[in-house]
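Residue numbers (full-length UniProt numbering): 1 to 238.
In structure tokens:
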């Protein structure tokens, strides 16, 4: 009788442990599902904004984009890494990436076909405003805050670091479809190129721990292309 009672006690303990494990897995599963739903929700909002943004009155630019980036960071509690030592690492990695980009653009500008492509771009009537305000705030800050900081943080929790990086890159690429159509560029090509760039930007953020790194790299890409367009073509009125 005593042995049977002990056995029953052990079996009951095992059963309880099994139930606890199932309960833990259930909680984890629900948590992951919530994180994934959150990631898709943020992605949907960003993609929706990419469609609506071209319809915003031009005179308001870049205020709505700046506010969107700030709101995205605030609502997802995304870390920016703007304090040492993360900031130091971000500046170091970002400067190295920016220098590489500038060197690549400068070298490519020596090629006639590349110069012709740069000349085909039509900069706005005020290059200074474009270079000093619209690109840094309207493009770089808003996209890095929205995609790398906000969506990147949520996606990493939902899919892991690698999966989150791929998810963020894919959404970033898709967000450029309206721009590609407006410019009559190749949509698949634009999605692939910007998606690849988005992956690199996410990698820089993860590697450095600071949003400063992808911001500097992104700024170099856009500013170098914009400066080339200004140098090789005449500005026109919007």
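Yeah, the Cβ is synthetic: ideal placement off N, Cα and C, and Gly gets one too. Source: prediction; values computed, not measured.
Quick one, which of the options has its alpha-carbon nearest residue i's?
i, options, result
"residue 87", "205, 221, 99, 229", "205"
"residue 40", "172, 65, 231", "172"
"residue 80", "150, 196, 68, 220", "150"
"residue 47", "120, 167, 221, 116", "167"
"residue 85", "160, 148, 163, 208", "208"
"residue 223", "52, 139, 37", "139"
"residue 100", "229, 230, 220", "220"
"residue 91", "218, 229, 230", "218"
"residue 73", "148, 187, 158, 215", "148"
"residue 36", "154, 111, 115, 71", "154"
"residue 210", "65, 145, 38", "145"
"residue 142", "45, 193, 66, 60", "66"
"residue 197", "98, 107, 115, 78", "98"
Which two residues bound the contiguous alpha helix (DSSP H) that contains residue i?
i, result
"residue 92", "86-108"
"residue 178", "177-183"
"residue 54", "It is not in any alpha helix (DSSP H) - residue 54 carries neither H nor E in the DSSP assignment."
"residue 219", "212-232"
"residue 202", "187-208"
"residue 146", "Where residue 146 is concerned, there is no enclosing alpha helix (DSSP H), given that its DSSP letter is neither H nor E."
Helix, strand or coil: how does DSSP classify residue i here?
i, result
"residue 61", "coil"
"residue 123", "coil"
"residue 136", "helix"
"residue 79", "coil"
"residue 111", "coil"
Apart from the five residues on each side of it in sequence, which residues of its chain come closer than 8 Å, Cβ to Cβ, to residue i?
i, result
"residue 238", "Residue confidence for residue 238 is low, a pLDDT of 39 falling below 50, so the modelled location carries little weight and cannot support an answer."
"residue 233", "118, 119, 120, 121, 122, 123"
"residue 227", "131"
"residue 161", "206"
"residue 186", "180"
Give every residue of the same chain whose Cβ lies closer than 7 Å to the Cβ of residue i, excluding the five residues on either side of it in the sequence, and list them in chain order.
i, result
"residue 34", "none"
"residue 43", "151, 171"
"residue 49", "68"
"residue 54", "178, 182"
"residue 174", "47, 191"
"residue 102", "220, 224"
"residue 195", "169, 170, 172, 173"
"residue 230", "123, 127"
"residue 10", "Because the pLDDT at residue 10 is just 49, under 50, the model does not fix this residue reliably, and the value given afterwards should be weighed accordingly. Closer than 7 Å at the Cβ level, and outside the excluded window around residue 10, lies no residue."
"residue 95", "216"
Looking only at its chain, what residues have a beta carbon closer than 6 Å to the beta carbon of residue i, apart from the 5 residues adjacent to it on each side?
i, result
"residue 62", "134, 137, 138"
"residue 156", "164"
"residue 203", "none"
"residue 214", "144, 148, 201, 204, 205"
Please tell me whether, using a cut-off of 7 Å, the distance from the CB of residue i to the nearest non-hydrogen atom of the ligand PLP is below it.
i, result
"residue 77", "The ligand PLP is absent from the structure shown, which contains no ligands of any kind."
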